[in-house]
Every structure is written in C-alpha cells, then in structure tokens.
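The structure appears right after this line, and notes come after that.
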Amino acid sequence: MDQDMNYGSDYKYIPTTSIQSGMGIEVLPDLYCHTVQIVNIHLVGKPESNEFVLVDAGMPHSAEKIISTTEERFGENSRPKAIILTHGHFDHVGAIIELVEHWQVPVYAHELEMPFLTGQKAYPEPDPTVEGGMVSKMSPIFPNEPIDLGNHIETLPSDGSVPHMPEFKWIHTPGHAPGHVSLFREKDRALIAGDAFVTVKQEYLYKVLTQEQEISGPPRYLTTDWKAAKESVKKLAALNPSVAVTGHGFSMFGEELSESLEKLILHFDSIAVPDYGKYVDKNLH
Ligand SMILES: [Zn+2]
Ligand SMILES: [Zn+2]
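For the sequence shown, the working numbering assigns the number 18 to the initial residue and increments by one for each residue that follows.
Right, dumping it as structure tokens:
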C-alpha cells in the first residue's frame, strides 16, 4: 500500500448484506448504480465513452468488485477520470485506497470532509442506542477513525462545479456529515443524493436485507445534526428532482419521488429523527 495513504486503525470488513448486493441497475443511459453489500456506488458517463466518474467507493475490501463492475461497463482496463465522494463515512470510502492505487486518479470531496479524509479527525462514534433495529445495534463495529488519502484528495471547486462531470453541480447537504454533498444535473433533474436521504430504512437489518423501499432520512446511527439534515432534504426537494439515486436503497422516480420527499419533509421529525439517541436534540421534539 502507498506509504502516503492509510485507512483508519479500526478499518475492517463488515459482515452485512442485502438482496441487492452485487447487482447493478442502469438508472439512466449515463448513470449506473451498483450495490456493494449494503451501499451503492454510481458510475456516471455513457458506456461507450471513456469519460466517466465514480461517485463513492463502497465497503471495506470491495475494490476488486468495483474494478470488475467498472470494466464490465466501460471495457477492460477502463478507469474513471476521478472519484467524487458524497462524504467520507466508511461505507462510502471503503475501497478508496486500493482504487486510487489501481487507477491513479484524483479524489474530490467537500472541504468540511477533509479532516476525516486526511487523518486529522475521527467522525463521532456511531450511536448504537439510537432508536432503530439491528444495523443500529451493530454500528459500534463500524469504522469511524479517519482515513488518510494524503495528497490524492482535493477539495471540490468552490463555484459548485464537479470535476469531470460538466453538467452536474455539487450542493452542500450537511447534517449526516458536515461536508456531505449531493450532485444535481439541471438538464434532466437527475439527483445523486448520497446519504442526505435514502430509500430504505437503513437501521433495520430486515429492511436492509430485503431493500424494502421506503423514503427515510439519513442513516440514524451516524447522523449528528438533525436540524441541518432536515434543511438539506428541503434544499434537495426544492430542486424538484425527476430521479434520485441514494447511498442506500433503490433509485426513485417521478411522482413517487416528489410525493415521498414532500412526506419526508412534512413528517421529518417522526420519519427521520429518532425518538431517542445521543445526537438527538430534545428541543426538536
Ligand atoms: Zn453516511
Ligand atoms: Zn452510507
């Protein structure tokens, strides 16, 4: 492994899965969603072109699968122009070091995520006491120590543009993580939401396993700022997206998406915010 890149000291394989694991869906001709265990990665770009980008980097020890998925879609030895991170949680950067070593491409993230990606600061501990099911209970084993990408990581441009994704803009959607971003394309109102909201109740093992579709706020055990999380969902709903892909769960389209977002905002405190947990502000209830 490169001397200048390291995972956190608590980095490890996480034994969890879903029926969607290993599967891929072409959501749009240039937007491919592939599930690694319980998290989605996105390949943005037309299959016949060699101009594409990877959004997020999967679970720990999934690099080989991500590389083979990429080569299946874009051809042997293909490599993205860059990797864009919606945020730096372990399930979105799990294979990033092997991918950077293999592809030698730059990684971009919001400047407020930099401390977690350059070895300076750990994320707050996941909260296993949060209201929710088995996945919340197992969250203490989730890595939260910072990884260090050294000089392989760069800050997203401040003008909202996304390197190598000319039609997309990044939107700051904090709450789940301080520097969380979502990516939006005005032309067809396509949204890559990351974990700003998700379409599966990520806390419940059974729902994760079966990927029962249900709009939800960000995964609870890692979300620390619920007020900001709600504002972020409002910001995304105001864009009136026609399709959304999320960090967890299936993609959602059209009316189902707009109605679900409306419902999530209207009932955010009961749908998204847990009734109890160490990051729950009592004043919100
Ligand atoms: Zn996350
Ligand atoms: Zn996630």
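Backbone N, C-alpha and C fix where the C-beta goes; we use that ideal spot for every residue, glycine too.
Could you check the C-alpha separation between aspartate 286 and tyrosine 221 for me, to the nearest Å? As a first step, residue 286 must be located in the sequence shown, where it is residue number 269. As a first step, residue 221 must be located in the sequence shown, where it is residue number 204. Those two C-alpha atoms are separated by around 18 Å.
Simplified DSSP state of histidine 119, which is helix, strand or coil: The count along the sequence shown starts at 1 and reaches residue 119 at position 102. For histidine 119, the three-state secondary structure derived from DSSP is helix.
Which whole runs of the alpha helix (DSSP H) in the region 18-71 are 4 residues long or more, in chain order? Under the rule that a run must span 4 or more residues, no alpha helix (DSSP H) segment is found entirely inside the region 18-71.
Supposed contact pair aspartate 144 and lysine 295 - C-beta distance, whole angstroms, cut 8 Å: Stepping through the sequence shown from its first residue, residue 295 is reached at position 278. Stepping through the sequence shown from its first residue, residue 144 is reached at position 127. So it is a contact: roughly 5 Å between Cβ atoms.
Starting from arginine 90 and walking both ways along the alpha helix (DSSP H), at which residues does that stretch end? Looking up residue 90 in the sequence shown gives position 73. Residues 80-91.
Less than 6 Å between C-beta atoms, sequence neighbours within five positions excluded: which residues of the same chain meet that for histidine 51? Locating residue 51 in the sequence shown gives position 34, where the first residue counts as 1. Answer for histidine 51: Gly41, Ile58, Thr86, listed in chain order.
In whole angstroms, what separates the C-alpha of valine 92 from that of proline 291? As a first step, residue 92 must be located in the sequence shown, where it is residue number 75. As a first step, residue 291 must be located in the sequence shown, where it is residue number 274. First, the amino acid is wrong: residue 92 is glycine here, not valine. Taking the straight line from one Cα to the other gives about 44 Å.
Report the rounded CA-to-CA distance for serine 26 versus proline 160, giving the unit in angstroms. Position 9 of the sequence shown, counted from the first residue, corresponds to residue 26. Position 143 of the sequence shown, counted from the first residue, corresponds to residue 160. C-alpha separation (whole angstroms): 8 Å.
So, is glutamine 137 buried or exposed, given that buried needs 16 or more other C-beta atoms within 10 angstroms? Sequence index remark: in the sequence shown, residue 137 carries index 120 (1-based). Under a 10 Å Cβ-count criterion, glutamine 137 is classified as exposed, with fewer than 16 other Cβ atoms of the shown protein chains found around its own Cβ.
When you compare the CB positions of valine 122 and alanine 99, do they come within less than 7 Å of one another, or not? Looking up residue 122 in the sequence shown gives position 105. Looking up residue 99 in the sequence shown gives position 82. Cβ atoms of valine 122 and alanine 99: closer than 7 Å.
Simplified DSSP assignment, three categories, for aspartate 292: Position 275 of the sequence shown, counted from the first residue, corresponds to residue 292. Note: aspartate 292 maps to coil in three-state DSSP.
Can you tell me which of the three DSSP states serine 287 falls into? Sequence index remark: in the sequence shown, residue 287 carries index 270 (1-based). Helix, per DSSP.
Which residues in the same chain as histidine 302 place their Cβ atom closer than 7 Å to its Cβ, once the five residues preceding and following it in sequence are excluded? Along the sequence shown, one-based indexing puts residue 302 at 285. Model confidence at histidine 302 stands at a pLDDT of 48, short of 50, so the residue's coordinates are unreliable; what they give is reported in the following sentence. Sequence-distant Cβ neighbours of histidine 302 in its own chain, meaning closer than 7 Å and more than five residues away, are Asp286.
In this structure, what does DSSP give as the bridge partners for tyrosine 125? Along the sequence shown, one-based indexing puts residue 125 at 108. DSSP output for tyrosine 125 lists Ile101, Glu171 as bridge partner(s).
Taking the Cβ atom as the reference point for each residue, do proline 235 and aspartate 212 lie within a distance shorter than 7 Å? For the purposes of this step, residue 235 is identified with residue 218 of the sequence shown, where counting begins at 1. For the purposes of this step, residue 212 is identified with residue 195 of the sequence shown, where counting begins at 1. Yes; because the gap between Cβ atoms is below 7 Å, this pair is in contact.
Could you pull the start and end residues of the beta strand (DSSP E) that valine 198 belongs to? On the sequence shown, residue 198 is found 181 positions in, with the first residue counted as 1. Run containing valine 198: 198-202, per the beta strand (DSSP E) assignment.
Taking the C-alpha atoms as reference points, what is the distance between tyrosine 21 and histidine 78? As a working mapping, residue 21 is identified with position 4 in the sequence shown. As a working mapping, residue 78 is identified with position 61 in the sequence shown. In the sequence under discussion, the amino acid at residue 21 is aspartate, which differs from the tyrosine named in the question. Distance between the alpha carbons of aspartate 21 and histidine 78: 19 Å.
Our contact map puts threonine 103 next to serine 233 with C-beta atoms below 8 Å; I'd like the distance itself, whole angstroms only. Reading the sequence shown from its first residue, position 86 is the one you call residue 103. Reading the sequence shown from its first residue, position 216 is the one you call residue 233. Their Cβ separation, rounded to whole angstroms, is 16 Å, which puts threonine 103 and serine 233 out of contact at 8 Å.
Pull up the distance between the alpha-carbon of asparagine 168 and that of proline 183, whole angstroms please. Within the sequence shown, numbered from 1, the residue matching residue 168 stands at position 151. Within the sequence shown, numbered from 1, the residue matching residue 183 stands at position 166. About 23 Å.
Applying the criterion that 16 or more other CB atoms from any shown protein chain within 10 Å of the CB defines a buried residue, is proline 157 buried or exposed? In the sequence shown, the residue the question calls residue 157 occupies position 140. Per the 10 Å Cβ criterion, exposed.
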